[in-house]
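Worksheet for the structure shown next.
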Amino acid sequence: MPIVITDEDAERLLSIPEAIEAMRVAFGDFAEGKAVNPPRMRYASATGEAQRRYIANVHAGAVQSANVACVRAGSTFEVMDARSSDRKSTHGADGANWSVILLFDLTSGEPLAFMHEAYLSGFRVGATTALGVAQAARENSETLGLFGTGAQAFPNCRAVCAVRPIKTVKVFSPSTAHRAAFVARMAKAGQGDLKVVAVDDPQEVVRGSDIVVCATNSKKPVFDGDWLEPGQMVVTIANSDVVNQRFEVDEKTVARADKIIINDWNSVVANKQVEVLGPLERGVIKRDDIVSLGDLVAGRASVKTTPDSVVYYKNNSGLAIQFAACGAILHRKLLQEGTNRTIPLDWFQSRTYVP
Numbered sequence: 001m002p003i004v005i006t007d008e009d010a011e012r013l014l015s016i017p018e019a020i021e022a023m024r025v026a027f028g029d030f031a032e033g034k035a036v037n038p039p040r041m042r043y044a045s046a047t048g049e050a051q052r053r054y055i056a057n058v059h060a061g062a063v064q065s066a067n068v069a070c071v072r073a074g075s076t077f078e079v080m081d082a083r084s085s086d087r088k089s090t091h092g093a094d095g096a097n098w099s100v101i102l103l104f105d106l107t108s109g110e111p112l113a114f115m116h117e118a119y120l121s122g123f124r125v126g127a128t129t130a131l132g133v134a135q136a137a138r139e140n141s142e143t144l145g146l147f148g149t150g151a152q153a154f155p156n157c158r159a160v161c162a163v164r165p166i167k168t169v170k171v172f173s174p175s176t177a178h179r180a181a182f183v184a185r186m187a188k189a190g191q192g193d194l195k196v197v198a199v200d201d202p203q204e205v206v207r208g209s210d211i212v213v214c215a216t217n218s219k220k221p222v223f224d225g226d227w228l229e230p231g232q233m234v235v236t237i238a239n240s241d242v243v244n245q246r247f248e249v250d251e252k253t254v255a256r257a258d259k260i261i262i263n264d265w266n267s268v269v270a271n272k273q274v275e276v277l278g279p280l281e282r283g284v285i286k287r288d289d290i291v292s293l294g295d296l297v298a299g300r301a302s303v304k305t306t307p308d309s310v311v312y313y314k315n316n317s318g319l320a321i322q323f324a325a326c327g328a329i330l331h332r333k334l335l336q337e338g339t340n341r342t343i344p345l346d347w348f349q350s351r352t353y354v355p
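Quick note on my numbering: the sequence shown kicks off at 1 and runs consecutively.
Here it is as structure tokens:
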């Protein structure tokens with residue numbers, strides 16, 4: 001019978017190394033043609049409230065090695081800040097998140113699980129960032145510069161620390177309180193001898209860092225590309241789509257990169273990711289400068305940060321294969337453990353209707 005997998009289950013049962021390995025499998029399958037993942041679809045709808053619009057975020061895909069297909073149906077809102085032109089994402093009343101992930105058996109087509117997406121949404125992004133870092137960052141990377149202190153910053157920070165011998169994290173956000181809270185949260189997470197330092201100057205995040213990760217909700221560049229130093233790897237997770245245009249780094253950063261890594265080229269085009277398409281059209285970068293993460297995993301390409309180069313990994317789109325690969329692990333573990341959160345299979349079975 002199908003089961004319900006909660007955020008608490010995901011946090012308890014899925015480790016960072018397991019999630020990174022799941023991403024390796026998913027992106028490897030993607031490169032080999034054994035995973036299917038059309039670009040995500042987003043749309044916005046008016047709600048009758050001038051300052052509020054509904055946002056849908058839909059992913060679909062399958063990972064053959066995990067024997068799982070999935071659909072992620074995201075359901076959120078954007079609210080306009082009355083004091084500025086900024087929009088902030090929010091969920092339903094009282095913060096309820098109605099987004100859901102449906103897992104299906106690739107062999108039978110039967111539904112396997114209904115899964116919460118709030119925890120996994122950030123966790124799989126962090127695991128994918130870590131996979132990119134493991135493929136391309138210098139092996140001796142010890143200092144991580146982090147922009148952002150919110151829902152994406154925490155899992156991305158922890159995942160990067162799992163694949164490189166990070167000793168120091170320098171973190172910045174515009175809010176002093178948020179910076180302090182992030183430092184406390186990392187300390188509570190128990191990262192051994194890791195030193196996490198809140199900095200007041202965004203340039204200090206970049207200065208001397210081996211890896212610079214931008215995990216923010218910003219729509220404007222969070223640092224000046226002139227600040228970059230040879231030997232650095234830059235990672236960003238904010239991306240444009242048909243609903244919003246976002247530029248987490250400036251064009252100088254894109255231009256300085258010797259190589260650019262992305263998750264999926266089709267998503268760049270379908271989602272109108274102008275932060276990549278624009279520099280291409282203007283001749284700032286060439287298509288040959290862009291390499292897919294799957295090709296790195298499959299050994300079809302190699303990108304390594306050297307002391308003289310800059311590598312930019314644009315973690316450019318959420319993909320259903322990320323949810324499918326992680327969901328398969330959670331489904332297996334929860335079945336082994338035993339759960340009473342089951343749903344009768346025949347509730348979902350339909351036959352040809354004859355009136």
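C-beta: ideal position from N, C-alpha, C; glycine also.
Nothing here was measured: the structure is a model prediction, and the numbers come from that model.
> Would you call A31 buried or exposed, if buried means 16 or more other Cβ atoms sit within 10 Å of its Cβ?
Replying inline: Looking at its Cβ environment, which holds 16 or more other Cβ atoms inside 10 Å, A31 is buried.
>> So, under 8 Å CB-CB, A113 and P2 are touching, yes? Tell me the CB distance rounded to an integer number of Å.
In response: About 6 Å separates the beta carbons of A113 and P2, which is inside the 8 Å limit, making them a contact pair.
> Just how far apart, CA to CA, sit V356 and R351?
Replying inline: Because the chain is modelled from 1 through 355, residue 356 falls outside the range shown and cannot be assessed.
>> Tell me the DSSP secondary structure of K259 in three-state form.
In response: Three-state result, K259: strand.
>> Bridge partners for S292 per DSSP, in chain order?
In response: In the DSSP assignment, the residues bridged to S292 are I262.
>> Would I101 and F323 be called neighbours here (beta carbons separated by less than 8 Å)?
In response: Contact flag set, yes.
> Assuming P292 and I262 make a contact with CB atoms under 8 Å, what is their CB distance in whole Å?
Replying inline: Pro is not the amino acid found at residue 292; the sequence shown has Ser there. With a Cβ gap of about 6 Å, S292 and I262 count as contacting.
> What's the C-alpha gap between T128 and G28?
Replying inline: T128 and G28: Cα-Cα distance of roughly 12 Å.
> Is the beta carbon of A215 sitting closer than 8 Å to the one on G148?
Replying inline: Cβ atoms of A215 and G148: closer than 8 Å.
> So which of F172, L144 and V243 has the shortest CA-CA distance to G231?
Replying inline: Cα-wise, what sits closest to G231 is L144.
>> Give me, in chain order, the residues of the same chain whose beta-carbon lies closer than 8 Å to that of K167; leave out the 5 immediate sequence neighbours on both sides.
In response: E142, T143, D193, L194 and K195, listed in sequence order.
> Enumerated in chain order, which unbroken segments of the beta strand (DSSP E) with a length of 3 residues or greater are wholly contained in the stretch 260-339?
Replying inline: Whole beta strand (DSSP E) segments, 3+ residues: 290-292 and 311-314.
> Measuring CB to CB, does I45 end up less than 8 Å from R53?
Replying inline: The residue asked about is misnamed: residue 45 is Ser in this sequence, not Ile. Taking a C-beta distance under 8 Å as the contact criterion, S45 and R53 qualify as a contact pair.
>> Going by DSSP in three states, I5 sits in which element: helix, strand or coil?
In response: Here I5 sits in strand by DSSP.
>> So for A60, helix, strand or coil by DSSP?
In response: Assigned with DSSP and collapsed to three states, A60 falls in strand.
> Going by other Cβ atoms of all chains shown within 10 Å of its Cβ, with 16 needed for buried, is L335 buried or exposed?
Replying inline: Classification of L335: exposed, given that the 10 Å Cβ count is below 16.
>> What does the Cβ neighbour count give for V269, buried or exposed, with the cut at 16 atoms within 10 Å?
In response: Burial state of V269 is exposed, judged by a 10 Å Cβ sphere holding fewer than 16 other Cβ atoms.
> For Q389, which of R256, R282, Q245 and A177 has the nearest alpha-carbon?
Replying inline: Only positions 1 to 355 of the chain appear in the structure, and residue 389 is not among them; the question remains open.
> Just curious, the alpha helix (DSSP H) that S121 is in, first and last residue?
Replying inline: Unbroken alpha helix (DSSP H) run through S121: A118 to A136.
> With burial defined as no fewer than 16 other Cβ atoms inside 10 Å of the residue's Cβ, what is the status of Y43: buried or exposed?
Replying inline: By the neighbour-count rule (16 or more Cβ atoms within 10 Å), Y43 is not buried but exposed.
> Quick one: Cα of A130 to Cα of A162, how far?
Replying inline: Taking the CA atoms as reference points, A130 sits about 8 Å from A162.
>> Spatial neighbours of A257 within its chain, please: C-beta separation below 8 Å, excluding the five flanking residues on both sides.
In response: So the list reads V234, I285, D289, V310, V311 and Y312, once near-sequence residues are dropped.
> Do L120 and C70 have their C-beta atoms closer together than 8 Å?
Replying inline: Going by C-beta atoms, L120 is not nearer than 8 Å to C70.
> Helix or strand or just coil, what does DSSP make of S65?
Replying inline: The three-state reading of DSSP puts S65 in helix, counting H, G and I together.
>> By alpha-carbon positions, which one of S175, P165 and D7 ends up nearest to I211?
In response: Among S175, P165 and D7, the Cα nearest to that of I211 belongs to P165.
> Hey, is W227 close to the ligand GDP, as in C-beta under 7 Å from one of its heavy atoms?
Replying inline: Ligands in the displayed structure: none, and consequently the ligand GDP is not present.
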